[in-house]
Each structure stands twice: as C-alpha cells, then as structure tokens.
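Asks:
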Amino acid sequence: MIGNVNHVNIREAIPVDVERNTILNIFTNSVTSYTHGFHKYPAKFIPNIPRWAIDKYLGTKRGKLVLDPFCGSGTTLVEGLLAGHNVIGIDIDPLSAMIAKVKTTPVDISQLEIICHWIAAEIEKQGREGTFKPACTNINHWFTADAINKLSLIRTLIDEIPERFGHSRQNNDISDLLLICFSSIIRRVSNADNESQKTYVSHTKVKEPEKTISLFVEQLNFFKRRIAEFSVRVDPKLSRQIICSSSTEGLKTKLGERIIDLVVTSPPYIKAIDYIYNQMVELFWIGDLFDMQTQTKQNAKREYYIGNKHLPKRKYTEYTPFKATVGISKLDEKLQEVYEKDTKNGHKHAYIAFKYFTDMEKHFAELASYLD
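So the sequence shown is residues 59 to 430, counted in my numbering.
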C-alpha cells in the first residue's frame with residue numbers, strides 16, 4: 059500500500075471484485091488467443107481488461123450490447139463476442155476499423171482454404187508479376203526491389219479474388235482477412251525499424267528485412283488457424299458492427315435509438331501516439347482503400363484525430379485559456395501557465411490540451427445518455 063493506493067500483482071484472471079484505488083500489475087503472456095494476435099497495434103488494449111469488465115458488469119447474461127467508442131484494433135469487441143454479446147466498435151482510423159472488422163468476422167473456412175490454395179499456386183507460377191503500384195514516390199527508400207515486387211504480387215492476387223471467385227459477402231470477408239494478413243507483414247519486410255512507434259529507416263542500425271513470400275505464407279497459416287478457432291467459438295447469430303467515423307459526429311447518427319448495456323474502452327492519448335505515422339508503410343500498400351495512400355493524404359486525415367498534436371495555426375489563433383476554460387480549476391490554471399510561460403509553443407500546446415479535454419467530456423456525456 060502506497061498512500062491510499064493498493065498495488066496488486068495479477069498473474070491469472072483479474073478478480074471480479076477489485077477494491078477502488080487499486081493499481082493492478084498484470085503479468086501475462088496470454089494476449090494473442092483467437093484473433094487477438096492478428097495485427098501489431100500500438101498501445102493495444104490487453105484482453106484481460108475488457109474480459110474482466112464484461113464479466114463484472116454483465117455476468118452470466120448473454121445477448122447484450124457492448125460498445126467500444128474508441129475500438130482501435132477491436133480487443134473489446136472480440137472479448138464481447140466470445141462472451142456471447144453483440145458488439146459495436148467505432149474508430150476514426152480506417153485501418154484500425156478494418157483490423158477490428160476482420161478480427162470479429164467469422165468466415166467460411168472451406169472457401170478460405172480454396173482461395174488460399176489458389177493464391178499459393180499463383181505465387182509459384184513462373185513469370186507471374188503484380189500490377190499494383192504504390193503511390194508513394196520514394197517507395198524504394200522504404201522497401202527493397204524484391205519486397206516491392208513480391209508485395210505487389212500478393213496485393214494484386216487479393217484484388218483479383220472477386221473476379222476469380224465471384225462478388226459475395228463471403229468472398230468480401232475473406233478478401234478483407236487476406237488484406238489484413240498482408241498488412242500485418244508489411245513493416246517486417248520493409249526497411250523500417252520493426253519496434254519503433256515512429257516509422258523510420260535507421261542508418262545506424264541497418265535492418266535485414268524478412269522474406270516476403272515465406273513470411274506471408276507463415277502468417278496466412280496463423281490467420282487460418284485462429285479465424286477457424288474463433289468462427290467455431292462465436293455464435294453466428296450475434297451481431298457485430300464496425301463504424302469508421304470521427305468522434306465529432308454525434309452518436310445519434312451512428313447508433314440511432316439503440317440502448318447500450320456496457321461501454322468498455324481505452325480512450326486516445328493526448329499527444330502520445332500518432333497512429334497514422336505508426337501505420338505509414340502499411341498505408342503505402344493498402345491506403346488506397348481509404349484514400350490515404352500518400353503522406354499528403356495521411357497528413358490531411360491526421361488533423362481530425364482526438365489528441366492530435368499536428369494542427370494548423372488557423373485552428374488555435376483565436377484561442378486563449380483565459381476566455382475558453384475547461385471548468386476544472388487546476389487544469390485551467392495549468393493551461394494558463396503553459397500559455398504564458400512557453401513562449402515558443404505554449405499557445406498551441408494549451409489549445410491541444412484544452413481541445414482534448416473538452417472533446418472527451420462531450421463524448422463521454424453523450425455516451426452516458428446511451429447506457430441503459
């Protein structure tokens with residue numbers, strides 16, 4: 059016990075009843091079961107936390123509606139479905155929303171095997187080349203020529219699935235799964251550092267990219283195993299909805315008259331993680347699906363993310379922390395201090411913090427009105 063805070067080490071499941079003001083130190087390697095391990099994602103919610111919340115607040119009930127308004131790659135949604143509930147996820151980031159969609163959508167395993175067998179055969183064909191070309195003008199900085207050619211072939215084959223196998227929801231779900239499988243290997247086969255949250259090519263620690271085709275095949279086998287486990291485990295009658303939308307748009311537009319039984323989320327961090335920057339090399343290869351295939355388009359999209367620090371000056375020119383306040387005295391005092399003392403960036407930083415807290419307050423107030 060330190061002050062009024064109790065520290066507890068957790069090595070198995072989180073106890074349903076946790077005393078207030080408790081800090082849990084969770085030690086676990088079990089964070090990639092079912093579809094949880096499909097795609098690397100910064101600051102990912104570990105499954106243990108939403109699993110605990112769903113167990114605590116919904117107990118043995120089934121068929122309730124669980125919402126994650128900042129769903130990221132869909133950890134809460136996967137846990138909601140595994141627990142027998144309907145789920146809705148909302149996120150502004152289109153790649154995140156697509157990952158969440160794939161992780162929560164059962165597929166026809168026999169059809170998946172047929173399509174994967176066709177892709178493998180096409181990859182092995184002599185002289186088979188891809189036609190897909192990234193819009194990035196300096197793509198050779200990020201990838202070797204060999205990686206570019208092989209990534210192009212894989213993306214081209216995935217794009218050919220509807221024409222080869224027919225336009226259907228079943229084939230569309232499989233195409234999406236293959237696109238996320240494809241996306242999941244891109245950083246590893248690129249020249250960019252694998253671990254950094256900022257996508258960059260190190261000139262002091264030169265990286266040896268992994269082999270594109272063998273890694274894709276390995277990852278595809280992993281995806282097939284895990285989506286099969288998930289598809290068998292989850293009730294097909296449960297509904298799942300992923301909404302890619304800015305949080306500035308009202309929930310009324312997104313949710314209509316539905317009543318939410320439980321909200322579980324990990325809110326965005328202020329000035330901490332630049333998701334677009336983190337996903338940059340992936341977006342070079344699948345960003346065309348979201349109109350985010352170039353850095354210029356990515357930068358334009360970034361402006362609308364909550365907590366984003368990349369703002370044009372026009373956004374905060376009229377702001378001062380003396381006229382516009384949050385209503386929390388210590389926070390308002392701190393914003394005024396930053397505004398006055400940081401002569402270089404104080405105006406911008408005070409505004410970023412002000413906007414973050416006011417946006418989040420508005421968002422959670424709206425969420426509260428939807429809870430039964």
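Cβ atoms here follow ideal geometry from the backbone N, Cα and C, with glycine treated the same way. Only a predicted model underlies this, so the values are computations on that prediction, with no experimental measurement involved.
Quick check on HIS65: does DSSP put it in helix, strand or coil?
Replies: Of the three classes helix, strand and coil, the one that applies to HIS65 here is strand, per DSSP.
Asks: Would you check if the distance between the CB atom of ILE238 and the CB atom of PHE96 is smaller than 8 Å?
Replies: Yes, they are a contact pair.
Asks: Using a Cβ distance threshold of 8 Å, determine whether the region 287–306 contacts the region 139–159, with at least three qualifying pairs required.
Replies: At 8 Å Cβ cutoff, the stretches touch.
Asks: Less than 6 Å between C-beta atoms, sequence neighbours within five positions excluded: which residues of the same chain meet that for ILE157?
Replies: The residues are HIS97, SER131 and ILE238.
Asks: ILE271 to THR354, Cα distance in whole Å?
Replies: Each residue's alpha carbon lies about 30 Å from the other.
Asks: Would you decide whether HIS199 is buried or exposed? Buried here means 16 or more other CB atoms lie within 10 Å of its CB.
Replies: By the 10 Å Cβ count, HIS199 comes out exposed.
Asks: Can you tell me the Cα-Cα spacing of ILE60 and PRO326, whole angstroms?
Replies: Caution applies to ILE60, whose pLDDT of 46 falls short of 50 and renders its modelled position unreliable; the value that the coordinates give is listed next. Their Cα atoms are separated by approximately 28 Å.
Asks: Could you tell me if GLY345 is buried or exposed, where buried requires 16 or more neighbouring beta carbons within 10 angstroms of its beta carbon?
Replies: When all chains shown are included, GLY345 counts as buried.
Asks: Skipping 5 residues on each side, what residues in its chain have a beta carbon closer than 6 Å to that of PHE240?
Replies: Within the same chain, PHE240 has close Cβ partners ILE212.
Asks: Would you list the one or two residues that DSSP bridges to GLN299?
Replies: According to DSSP, which records beta bridges pairwise, GLN299 is partnered with ILE146.
Asks: Determine whether the beta carbon atoms of TYR333 and SER154 lie at a separation below 8 Å.
Replies: Against a cut-off of 8 Å, the Cβ pair of SER154 and TYR333 comes out as a contact.
Asks: Please identify the residue among GLY138, CYS129 and ASN106 whose C-alpha is closest to the C-alpha of LYS462.
Replies: Given a span of 59 to 430 for the chain in the structure shown, any question on residue 462 remains unanswerable.
Asks: Ends of the alpha helix (DSSP H) at ASN230?
Replies: Segment 227–247, the alpha helix (DSSP H) holding ASN230.
Asks: In whole angstroms, what separates the C-alpha of GLU287 from that of ASP390?
Replies: Answer to the nearest angstrom: the Cα atoms are 50 Å apart.
Asks: Using a 10 Å radius around the Cβ and a threshold of 16 neighbouring Cβ atoms, would you call PRO395 buried or exposed?
Replies: Note that residue 395 is Glu in the sequence shown, not Pro. Exposed, by the Cβ-count rule.
Asks: Using only the alpha-carbon positions, how far apart do ILE364 and GLU180 sit?
Replies: Using only the alpha carbons, I get a separation of about 43 Å.
Asks: Looking only at its own chain, which residues have a Cβ that is under 8 Å from the Cβ of GLU419, when we skip the five neighbours before and after it?
Replies: The residues are VAL384.
Asks: Among ASP400, THR378, GLY308 and ILE331, which residue has its Cα nearest to the Cα of ALA423?
Replies: Residue GLY308 is the option with its Cα nearest to ALA423.
Asks: Would you check if the distance between the CB atom of SER324 and the CB atom of PHE128 is smaller than 8 Å?
Replies: Yes; because the gap between Cβ atoms is below 8 Å, this pair is in contact.
Asks: Measure the CB-CB distance between ALA411 and VAL339 and report whether it falls below 8 Å.
Replies: Not in contact: ALA411 and VAL339 (Cβ atoms no closer than 8 Å).
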